[in-house]
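Q: When you line the first sequence up against the working numbering, it's residues 20 to 289, in that order. Note that beta-carbon positions come from the ideal geometry of N, C-alpha and C, so glycine has one too. Because the structure is a prediction, the values reported are computed rather than measured.
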Amino acid sequence: MPELPEVETTRSGIEPHVIGRKISGVVIRQPQLRWPVPEQELRELEGLSIKKVVRRGKYILLNTDLGSILIHLGMSGSLRVISDERSALKHDHVDIQFSHGVLLRYTDPRRFGAILWQPKGQTHERIASLGPEPLSEQFDGCYLHQQCRGRSVTIKQFIMNSKVVVGVGNIYANEALFQAGIDPRKSAGRISEKRLVLLAQRIKSVLSSAIQQGGTTLKDFVDSDGKPGYFQQSLNVYGRGGEPCLACGRILSEVRLGQRSTVFCNDCQR
DNA sequence: AGACAAGCCTGTCCGC
DNA sequence: TGCGGACAGGCTTGTC
């Protein structure tokens with residue numbers, strides 16, 4: 020399940036293989052992803068080259084002179100560089116072929132992901148409504164505090180709202196709240212600025228350390244199966260409901276917030 | 001077999 | 001009446 024760190028790892032992993040490369044064709048085997056794949060627009064890209072590979076939230080953008088291909092991995096998607104002859108499997112929905120013989124293969128068993136088209140000079144609606152990047156200067160305790168004002172929703176659901184800040188999925192929301200010592204059930208509007216400053220710091224640190232780990236563990240993901248293995252080791256709470264807190268030993272609680280599994284320590288988080 | 005997990009968009013309902 | 005916020009539902013398929 021790609022969260023921001025894995026999307027960033029994917030971005031940096033594919034970048035050197037496709038930057039400056041000319042698109043020679045696009046193969047669409049399954050156009051029915053979260054939204055229909057813009058087949059027409061993608062086919063018109065033949066002959067154009069990739070100018071830049073950037074990330075915005077959990078989207079990867081492949082920039083060309085005509086516009087950008089937006090790729091979202093959903094929860095089960097992956098994007099791999101294929102440099103040898105390898106026949107497509109059941110869930111290999113889209114290939115972007117390059118003239119130097121390499122192709123980018125989009126795979127997504129559950130098809131929660133998306134491939135969208137953003138014409139040059141425009142900003143796709145999906146991206147236009149996104150909040151700031153968690154690792155940018157714009158996102159800090161002061162910003163978080165201002166956004167939280169008057170909001171009754173739980174702090175966990177709040178930080179997972181992509182209009183507030185992008186890229187904080189269920190795993191890292193649980194972890195950041197644990198590290199900040201904040202009860203995930205607490206209303207966003209009822210948390211002091213001081214504690215929100217700490218939360219913003221923890222969101223940044225947990226994401227950036229995951230990017231670093233992703234970078235090392237997945238450095239050869241391009242020719243492997245791309246499955247992440249990096250996060251399991253450093254998780255304090257996610258997936259550990261009913262097990263002892265690693266800090267104090269008390270059994271971790273598990274509840275559902277916004278239909279999402281939420282694990283926390285009743286002693287360490289208040 | 002059926003429940004569950006995931007990201008995140010959309011529709012509906014609520015209260016000011 | 002309008003509007004934003006809160007929340008449930010839906011999509012999909014592999015795994016338990």
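Can you tell me whether DSSP reads PHE240 as helix, strand or coil?
A: With a pLDDT of only 45 at PHE240, under 50, the local geometry of the prediction cannot be trusted, and no value is derived from it.
Q: State the Cα-Cα distance for the pair HIS36 and PHE117, rounded to the nearest angstrom.
A: Cα to Cα, HIS36 sits roughly 10 Å from PHE117.
Q: State the beta-bridge partners of GLY44 as determined by DSSP.
A: Paired residues: GLN116.
Q: Could you tell me if THR142 is buried or exposed, where buried requires 16 or more neighbouring beta carbons within 10 angstroms of its beta carbon?
A: Label assigned to THR142: exposed.
Q: Would a C-beta distance cut-off of 9 Å place THR83 and GLY233 closer than the cut-off?
A: Contact: no.
Q: Near ASP127, which residues of its chain fall below 8 Å by C-beta distance, leaving aside the five closest residues on each side in sequence?
A: LEU52, LEU92, GLY93, SER95, GLY96, SER97, HIS110, HIS112.
Q: Among the residues of its own chain, which have a CB less than 6 Å from the CB of LEU61, if the five just before and after it don't count?
A: These residues qualify, in order along the chain: VAL45.
Q: Between which two residues does the alpha helix (DSSP H) containing LEU23 stretch?
A: From DSSP, the alpha helix (DSSP H) with LEU23 extends over 23 to 37.
Q: Do you know offhand how far ARG275's Cα is from TYR191's?
A: So the alpha carbons of these two residues sit roughly 16 Å apart.
Q: Nearest to GLY160 by alpha carbon, out of GLU194, ARG145, GLY39, ALA219?
A: Comparing Cα positions, the closest option is ALA219.
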